[in-house]
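Engineer: Below are the structure tokens for one structure; questions will follow.
There are 2 protein chains.
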Amino acid sequence: MKISIIGSGNVASQLGLAFKKAGHIIVQVHSRNKKTGGELSKKLRTEFVTALTELNENTDMVLIAVQDDSIKKVILHLKLTTPLIVHTSGFTSIDIFKGKFKNYGVLYPVQTISGQVNFSALPICVEGNNTKTTSVLKKAASSISKNIFQLSSEKRQQLHLAAVLVNNFTNHLYAVAEEILSVKKIPFRILFPLIENTVTKLKSSPAKKNQTGPAVRNDKKTINAHLKLLQDPLLRKLYIAHSLHIRKLAKKKAKL
Amino acid sequence: MKISIIGSGNVASQLGLAFKKAGHIIVQVHSRNKKTGGELSKKLRTEFVTALTELNENTDMVLIAVQDDSIKKVILHLKLTTPLIVHTSGFTSIDIFKGKFKNYGVLYPVQTISGQVNFSALPICVEGNNTKTTSVLKKAASSISKNIFQLSSEKRQQLHLAAVLVNNFTNHLYAVAEEILSVKKIPFRILFPLIENTVTKLKSSPAKKNQTGPAVRNDKKTINAHLKLLQDPLLRKLYIAHSLHIRKLAKKKAKL
Chain A
74 MKISIIGSGN VASQLGLAFK KAGHIIVQVH SRNKKTGGEL SKKLRTEFVT
124 ALTELNENTD MVLIAVQDDS IKKVILHLKL TTPLIVHTSG FTSIDIFKGK
174 FKNYGVLYPV QTISGQVNFS ALPICVEGNN TKTTSVLKKA ASSISKNIFQ
224 LSSEKRQQLH LAAVLVNNFT NHLYAVAEEI LSVKKIPFRI LFPLIENTVT
274 KLKSSPAKKN QTGPAVRNDK KTINAHLKLL QDPLLRKLYI AHSLHIRKLA
324 KKKAKL
Chain B
74 MKISIIGSGN VASQLGLAFK KAGHIIVQVH SRNKKTGGEL SKKLRTEFVT
124 ALTELNENTD MVLIAVQDDS IKKVILHLKL TTPLIVHTSG FTSIDIFKGK
174 FKNYGVLYPV QTISGQVNFS ALPICVEGNN TKTTSVLKKA ASSISKNIFQ
224 LSSEKRQQLH LAAVLVNNFT NHLYAVAEEI LSVKKIPFRI LFPLIENTVT
274 KLKSSPAKKN QTGPAVRNDK KTINAHLKLL QDPLLRKLYI AHSLHIRKLA
324 KKKAKL
């Protein structure tokens, strides 16, 4: 396949490298950032163009791997008609392309792309505006990963929300725990086995079943003692929201 | 060492089995629950006693592995004077024993104990009321794990709070994500690589540095769109508390 890439951030770079490695031809790279764009085109041994209008019509797929907010601007200036136009966003609807291109779709890798990425086992969600584009996207994605899911924009948005919870918010909890411990000079690695065990359990039984701790057993004494240890009012709100919702899920489960 | 065990739940059972395997002699088991207590004493090939007053003075260490709320009751009826008296709670202060026994302490395994546990790499926190008991506790803990930390009650309580965040609350986020996806019939396993990657990163760089997502980049459009997808007011509160505190940490970091 002939692939052109718009963007030179982590997603653009890693997808570009993965597609090249899989044997595809990277036709051109465009980026607003001349430095990172130039660097990426060198890595991909391909041409770098500074204007969207310089992008060649003679390509099979154009990957728009830019920040969500910039996709609209790219679409506005992209004058190609033949190639399949694809964005890589988790939360942007496929309909952003509606009425602007004939063939379009989404290719969303479910991972925070930073540093070198091995796509082979990474889930990639695809969506096309018709059967043919969906099939082309599936084939393209399958050339870099074995883990392809066809998902509508509505479902992908729910997935993106869930991804924020299990990645951004859990990482945030790790950061808060790290800070609590560092103040008292307690090494954070004491918690590694606990953290890993929490994840390992997920694979054999649903998270709801694995829930432990003061909230699920309604241990108000410990909850109140923990709240006393938390100085930051925002963290107290966070602790309370978690505890109340854990309790709510537990009651719901008990009713079933 | 001669060890007696009070309790017959997960912690009592797993610690009892680990100490027996390490070559210690389990002298007696006491539990309010005759069924599970009897079963545990069979597993440990030792005597089961139904009353605390039947516990033998001729033992080196008495492990009180019961729920936090029950420790006080046990202490009230425990009339032993020679052995080292130890509880296994993460949040209960060592001072609960003050004035009641001569030698006492804490042995807290930092893990949710359920099913079979391999203690060998598990962090165990110990605290004794004097140098000698601390040293005995360290030695006992070292016989079942290589990962021993001496921690004061104050520090252990901070650790327990941090453990609730990284275990109970992250597991809760997994449960919420699982529910969001199951409503839309999206397989939860799509998120496994992302979940695992979040944990793997922790080992090479601090969580605060790894923070990604709409909150840290102040992407209000995505935040508001996510909030629209969340029906439950409690979950919306939880989402907002996380996002605000992620933003707060990011600003703090920028100031440094």
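So the protein sequences, as listed, match chains A and B. Residue numbering for the first sequence is 74 to 329, as defined by the numbering used here. Residue numbering for the second sequence is 74 to 329, as defined by the numbering used here. Beta carbons: idealized from backbone N, C-alpha and C, even for Gly. The structure presented is a predicted model; accordingly, all values stated were derived computationally and were not measured.
#1: For a minimum of 3 consecutive residues, which ranges assigned as the beta strand (DSSP E) are wholly contained in the stretch 107 to 132 of chain A?
#2: Take the Cβ of residue 203 of chain A as the centre, count every other Cβ of all protein chains shown within 10 Å, and call the residue buried at 16 or more, exposed below.
#3: Might you give, ordered along the chain, the residues of its own chain that have their beta carbon closer than 7 Å to the beta carbon of residue 133 of chain A, omitting 5 neighbours on each side?
#4: Look at the Cβ atom of residue 197 of chain A, then the Cβ atom of residue 182 of chain A, and state whether they are nearer than 8 Å.
#5: Run through chain B and tell me which residues come within less than 7 Å of residue 222 of chain A, C-beta to C-beta.
#6: Please name the residue in B/305, B/308, B/315 whose C-alpha comes closest to that of residue 305 of chain A.
#7: Is the Cβ of residue 87 of chain B closer than 8 Å to any Cβ of chain A?
#8: With a cut-off of 8 Å, do at least 3 Cβ pairs link the stretch 248 to 264 of chain A to the stretch 243 to 262 of chain B?
#9: Counting only Cβ pairs nearer than 8 Å, list the residues of chain A close to residue 172 of chain B.
#10: Please list, in chain order, all residues of the same chain as residue 230 of chain A whose beta carbon is under 6 Å from its beta carbon, the five residues on each side excluded.
#11: Examine chain A for any beta-carbon lying closer than 8 Å to the beta-carbon of residue 136 of chain B, and answer yes or no.
#12: Could you name each continuous alpha helix (DSSP H) segment of 4 residues or more that falls completely within the stretch 200 to 233 of chain B, going from the start of the chain to the end?
#13: Starting from the C-beta of residue 303 of chain B, find all residues in its chain whose C-beta is less than 8 Å away, skip the five residues before and the five after it, and write them out in chain order.
#14: List the residues of chain B that residue 185 of chain A touches, going by C-beta distances under 9 Å, in chain order.
#15: Could you tell me which uninterrupted alpha helix (DSSP H) segments, each at least 4 residues in length, are contained entirely in the stretch 232 to 288 of chain B, listed from first to last along the chain?
#16: Need the endpoints of the beta strand (DSSP E) that residue 75 of chain B sits in, please.
#17: Helix, strand or coil for residue 149 of chain B? Go by DSSP, reduced to three states.
#18: Take the Cβ of residue 238 of chain A as the centre, count every other Cβ of all protein chains shown within 10 Å, and call the residue buried at 16 or more, exposed below.
#19: Starting from residue 160 of chain A and walking both ways along the beta strand (DSSP E), at which residues does that stretch end?
#20: Do residue 220 of chain A and residue 236 of chain A have their C-beta atoms closer together than 8 Å?
#21: From the DSSP output, in three-state form, read off residue 195 of chain A for me.
#22: Which residues in chain B sit within 7 Å of residue 317 of chain A, going by Cβ to Cβ distance?
#23: If you measure between the beta carbons of residue 200 of chain A and residue 184 of chain A, is that distance less than 8 Å?
#24: Does the stretch 79 to 87 of chain B come within contact of the stretch 105 to 123 of chain B, defined as at least 3 CB pairs closer than 8 Å?
#25: So what does DSSP say about residue 89 of chain A, is it helix, strand or coil?
#26: Just confirm the distance between the C-beta atoms of residue 178 of chain A and residue 159 of chain A, as a whole number of angstroms; I'd bet it's less than 8 Å.
#27: Just the Cα atoms here: how many angstroms apart are residue 167 of chain B and residue 321 of chain B?
#28: Pull the bridge partners of residue 178 of chain B from the DSSP assignment, please.
#29: CB residue 234 of chain B to CB residue 253 of chain A, shorter than 8 Å?
#30: Checking 8 Å against the spacing of the C-beta atoms, do residue 102 of chain B and residue 110 of chain B come in under that value?
#31: How would you call residue 44 of chain B, buried or exposed, if buried means at least 16 neighbouring beta carbons within 10 angstroms?
#32: Are residue 86 of chain B and residue 113 of chain B close, meaning C-beta to C-beta below 8 Å?
#33: Given a cut-off of 8 Å on the beta-carbon distance, is the pair residue 241 of chain A and residue 288 of chain B in contact?
#34: Would you grab the beta carbon distance between residue 261 of chain A and residue 251 of chain A for me? Rounded to a whole angstrom, and I think it's under 8 Å.
#35: Contact check, residue 125 of chain B vs residue 89 of chain B under 8 Å by CB: the rounded distance?
#36: Can you find a CB in chain A that lies within less than 8 Å of the CB of residue 133 of chain B?
Structural biologist: A quick look at the data gives this:
#1: Restricted to the stretch 107 to 132 of chain A, the beta strand (DSSP E) segments that are unbroken, complete and at least 3 residues in length are 120 to 122, listed in chain order.
#2: Translated into positions along the first sequence, residue 203 of chain A becomes position 130. Exposed, because fewer than 16 other Cβ atoms sit within 10 Å of the Cβ of residue 203 of chain A.
#3: As a working mapping, residue 133 of chain A is identified with position 60 in the first sequence. Here the set comprises 74, 75, 76, 156, 157.
#4: Position 124 of the first sequence, counted from the first residue, corresponds to residue 197 of chain A. Position 109 of the first sequence, counted from the first residue, corresponds to residue 182 of chain A. Yes, these two residues count as a Cβ contact at 8 Å.
#5: As a working mapping, residue 222 of chain A is identified with position 149 in the first sequence. 263, listed in chain order.
#6: Here the question's residue 305 of chain A lines up with position 232 in the first sequence. Residue 305 of chain A has its Cα closest to that of B/315, out of B/305, B/308, B/315.
#7: As a first step, residue 87 of chain B is located in the second sequence; it is residue number 14 there, counting from the start. So, not an interface residue.
#8: no
#9: Start at 1 with the first residue of the second sequence, and residue 172 of chain B comes out as number 99. Simply none; closest approach about 22 Å.
#10: The residue labelled residue 230 of chain A in the question sits at position 157 within the first sequence. Result list for residue 230 of chain A: 164, in chain order.
#11: Within the second sequence, numbered from 1, the residue matching residue 136 of chain B stands at position 63. It does not; no Cβ of chain A falls within 8 Å.
#12: 204 to 215
#13: Looking up residue 303 of chain B in the second sequence gives position 230. Here the set comprises 309, 312.
#14: In the first sequence, the residue the question calls residue 185 of chain A occupies position 112. Close to residue 185 of chain A, with beta-carbon spacing below 9 Å, are these residues of chain B in chain order: 267, 270, 271, 274, 283, 285, 286.
#15: 243 to 256, 265 to 275, 280 to 283
#16: Numbered from 1 along the second sequence, position 2 holds the residue referred to as residue 75 of chain B. Here the beta strand (DSSP E) through residue 75 of chain B covers 75 to 79.
#17: Numbered from its first residue, the second sequence carries residue 149 of chain B at position 76. Looking at residue 149 of chain B - three-state DSSP - the assignment turns out to be helix.
#18: By one-based count along the first sequence, residue 238 of chain A stands at place 165. Label assigned to residue 238 of chain A: buried.
#19: In the first sequence, residue 160 of chain A corresponds to position 87, counting from 1. It spans 157 to 160 - the beta strand (DSSP E) in which residue 160 of chain A sits, taken as one unbroken run.
#20: As a working mapping, residue 220 of chain A is identified with position 147 in the first sequence. As a working mapping, residue 236 of chain A is identified with position 163 in the first sequence. Judged by their CB atoms, residue 220 of chain A and residue 236 of chain A are not nearer to each other than the 8 Å cut-off.
#21: Residue numbering aside, residue 195 of chain A sits at position 122 when the first sequence is read from its first letter. Of the three classes helix, strand and coil, the one that applies to residue 195 of chain A here is coil, per DSSP.
#22: Within the first sequence, the letter at position 244 stands for residue 317 of chain A. By Cβ distance, chain B contributes 307.
#23: Here residue 200 of chain A refers to the residue found at position 127 of the first sequence. Here residue 184 of chain A refers to the residue found at position 111 of the first sequence. No. Outside cutoff.
#24: Taking a cut-off of 8 Å on C-beta distances, the stretch 79 to 87 of chain B touches the stretch 105 to 123 of chain B, as three or more cross pairs fall below it.
#25: Stepping through the first sequence from its first residue, residue 89 of chain A is reached at position 16. Secondary structure of residue 89 of chain A (DSSP, three-state): helix.
#26: Against the first sequence, residue 178 of chain A aligns to sequence position 105. Against the first sequence, residue 159 of chain A aligns to sequence position 86. At roughly 5 Å, the Cβ-Cβ gap stays under 8 Å, so residue 178 of chain A and residue 159 of chain A are in contact.
#27: Position 94 of the second sequence, counting from 1, holds the residue named residue 167 of chain B. Position 248 of the second sequence, counting from 1, holds the residue named residue 321 of chain B. CA-CA distance, residue 167 of chain B to residue 321 of chain B, rounds to 35 Å.
#28: Residue mapping note: residue 178 of chain B aligns to position 105 of the second sequence, counting from 1. Note: residue 178 of chain B sits in a beta bridge opposite B/159, B/201.
#29: Translated into the one-based positions of the second sequence, residue 234 of chain B becomes position 161. Translated into the one-based positions of the first sequence, residue 253 of chain A becomes position 180. Yes, the pair counts as a contact, with Cβ atoms nearer than the cut-off.
#30: Position 29 of the second sequence, counting from 1, holds the residue named residue 102 of chain B. Position 37 of the second sequence, counting from 1, holds the residue named residue 110 of chain B. Going by C-beta atoms, residue 102 of chain B is nearer than 8 Å to residue 110 of chain B.
#31: No information on residue 44 of chain B is available, as it lies outside the stretch 74 to 329 that chain B covers here.
#32: Translated into positions along the second sequence, residue 86 of chain B becomes position 13. Translated into positions along the second sequence, residue 113 of chain B becomes position 40. Going by C-beta atoms, residue 86 of chain B is nearer than 8 Å to residue 113 of chain B.
#33: Along the first sequence, read from residue 1 onward, the residue named residue 241 of chain A stands at position 168. Along the second sequence, read from residue 1 onward, the residue named residue 288 of chain B stands at position 215. In contact: residue 241 of chain A and residue 288 of chain B (Cβ atoms closer than 8 Å).
#34: On the first sequence, residue 261 of chain A is found 188 positions in, with the first residue counted as 1. On the first sequence, residue 251 of chain A is found 178 positions in, with the first residue counted as 1. Sure, about 5 Å apart at Cβ, within 8 Å.
#35: Position 52 of the second sequence, counted from the start, is the residue given in the question as residue 125 of chain B. Position 16 of the second sequence, counted from the start, is the residue given in the question as residue 89 of chain B. Not confirmed; about 17 Å, so no contact.
#36: Counting from one through the second sequence, the residue named residue 133 of chain B turns up at place 60. No, its Cβ sits nowhere closer than 8 Å to a Cβ of chain A.
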